[in-house]
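Visitor: Here it is: the structure, laid out below.
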Ligand code: AMP
Ligand code: TRP
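Residue numbers (the numbering used here): -13 to 327.
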């Protein structure tokens, strides 16, 4: 089959497990919004099938799915400009994932560091889905022939695996360039927002203490309190950003400031060189409140009308299915499956 040229198309997703954090906002959603309206078609998914790789109470899953959708909308994703939907409404994700389960090699899956971290010493007790999850992620991306995948740093390895799966499929089924080689897009100062109590760990939805993270639904007082109590070292801010290399907590706060305010971390340092935490932390808290409060208020308003969110997701799913269906049909043809004419 001849090489194909692929129209640039963006796909990304967030799991509805627990609430959204500042890490999701700065590492993902804010960057999704920035890509919207560019020449590229943009598809943003609430990946509910990924969430159930670890136990989710059904009622909580429904609520978390609407909350991620509300976070998308409140941050500025516009269903007229982007396709917004939840994964399980488009059955092609699960279908293509099965085919990719038969393409990906066990050795590839065994290298996935996120599985090793999440499973820890208890790998035997994890679900098969958690292990196979990167193959479903590859299906999410390739079902739309997406070429660009904006994600945080922790997802780079999974996008690389997606490329390996695409290449092996194309090779094994003599499919030329049928599946594109998607690029991870990992840019800006906040591709890895760290835990506020331990600057060597990623800020995540599932950390033990709520003080470790900023939730997108936190109120102004909570945000201020969390930044005030954030761990730092005693030294003031240096004259050069590079001097923060061995000060992970300090660097994290500077990076968060930069990302919230659309500046480089170097520009933040130029403004605050020599400042102590008594000056910088309140400035950071004020900035975070100014940026996040309107979003959390809008999320609350949207969450009060779940039927409207569900309607947006249903419409987005229909548009997603229209793109996915011919790609899935061609995939089945390449594999040699019979389908009715
Ligand atoms: P998840 O919540 O694991 O579904 O992640 C959804 C998106 O948010 C992915 O692109 C992640 O890379 C990104 N993300 C999650 N946590 C962080 C973080 N602490 N810093 C930067 N990006 C993050
Ligand atoms: N695995 C991603 C995460 O945990 C979420 C995700 C699922 C995703 N499918 C995707 C991200 C496709 C980008 C593209 O963060």
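Just so you know, even glycine gets a beta-carbon here, dropped at the ideal spot from N, CA and C.
So, is residue 36 buried or exposed, given that buried needs 16 or more other C-beta atoms within 10 angstroms?
Guide: The residue in question, residue 36, is buried, as its Cβ has 16 or more Cβ neighbours within 10 Å.
Visitor: Within the chosen definition, does the stretch 266 to 278 reach the stretch 228 to 245 through at least 3 CB pairs nearer than 8 Å?
Guide: Yes: the two stretches touch, three or more of their Cβ pairs being nearer than 8 Å.
Visitor: Expressed to the nearest angstrom, what Euclidean distance is found between the alpha-carbon atoms of residue 17 and residue 136?
Guide: Rounded to whole angstroms, residue 17 to residue 136 spans 7 Å at the Cα level.
Visitor: Should residue 127 be listed as close to ligand 2, given that the test is whether its C-beta is under 6 Å from any heavy atom?
Guide: Yes; taking the cut-off as 6 Å, the Cβ of residue 127 has a heavy atom of ligand 2 nearer than that.
Visitor: So does residue 189 have its beta carbon nearer than 6 Å to some heavy atom of ligand 2?
Guide: No - ligand 2 has no heavy atom lying nearer than 6 Å to the Cβ of residue 189.
Visitor: Opposite residue -5 in the DSSP bridges: which residues?
Guide: The partner list for residue -5 (beta bridge, DSSP) reads 27.
Visitor: For residue 11, tell me which candidate among 81, 274 and 318 has the shortest Cα-Cα distance.
Guide: The option with the nearest alpha carbon to residue 11 is 274.
Visitor: In whole angstroms, what separates the C-alpha of residue 82 from that of residue 320?
Guide: Roughly 12 Å between the two C-alpha positions.
Visitor: Bridge partners for residue 71 per DSSP, in chain order?
Guide: DSSP lists 31 as partners of residue 71.
Visitor: For the beta strand (DSSP E) containing residue 136, list its first residue and its last residue.
Guide: Note, residue 136: beta strand (DSSP E), 134 to 136.
Visitor: Might you give, ordered along the chain, the residues of its own chain that have their beta carbon closer than 7 Å to the beta carbon of residue 192, omitting 5 neighbours on each side?
Guide: Taken in chain order, the residues that qualify are 4.
Visitor: Residue 167 by DSSP, collapsed to three states: which one?
Guide: Residue 167 falls in the coil class under three-state DSSP.
Visitor: Do you know how far the Cα of residue 201 is from the Cα of residue 297?
Guide: Whole-angstrom Cα-Cα distance: 25 Å.
Visitor: Considering Cα atoms alone, identify which of 218, 57, 227 and 7 is closest to residue 264.
Guide: That would be 218, whose Cα lies nearest to the Cα of residue 264.
Visitor: Determine the direct distance from the alpha carbon of residue 69 to that of residue 21, and round the result to whole angstroms.
Guide: Computed Cα separation, rounded: 13 Å.
Visitor: Go ahead and pull the three-state DSSP assignment for residue 7.
Guide: Looking at residue 7 - three-state DSSP - the assignment turns out to be strand.
Visitor: Quick one: residues in its chain with C-beta nearer than 6 Å to the C-beta of residue 73, no 5 flanking neighbours on either side, listed in chain order?
Guide: The answer, listed in chain order, is 31, 33, 34, 35 and 79.
Visitor: Can you tell me whether residue 87 is helix, strand or coil according to DSSP?
Guide: If DSSP states are grouped into helix, strand and coil, residue 87 belongs with the helices.
Visitor: Whole angstroms are fine: how far does the CA of residue 39 sit from the CA of residue 114?
Guide: Computed Cα separation, rounded: 8 Å.
Visitor: Taking residue 180 as the reference, which of 250, 199 and 164 has the closest Cα?
Guide: Residue 199 is the option with its Cα nearest to residue 180.
Visitor: Which term fits residue -10, buried or exposed, when burial requires 16 or more other beta carbons within 10 angstroms of its beta carbon?
Guide: It counts as exposed.
Visitor: If contacts are defined as beta-carbon pairs under 8 Å, then residue 6 and residue 53 qualify, I think. What distance do you get, rounded to the angstrom?
Guide: Contact holds; Cβ gap of about 7 Å.
Visitor: Mark residue 138 as exposed unless 16 or more other C-beta atoms lie within 10 angstroms of its C-beta, in which case mark it buried.
Guide: Residue 138 is buried by the Cβ-count criterion.
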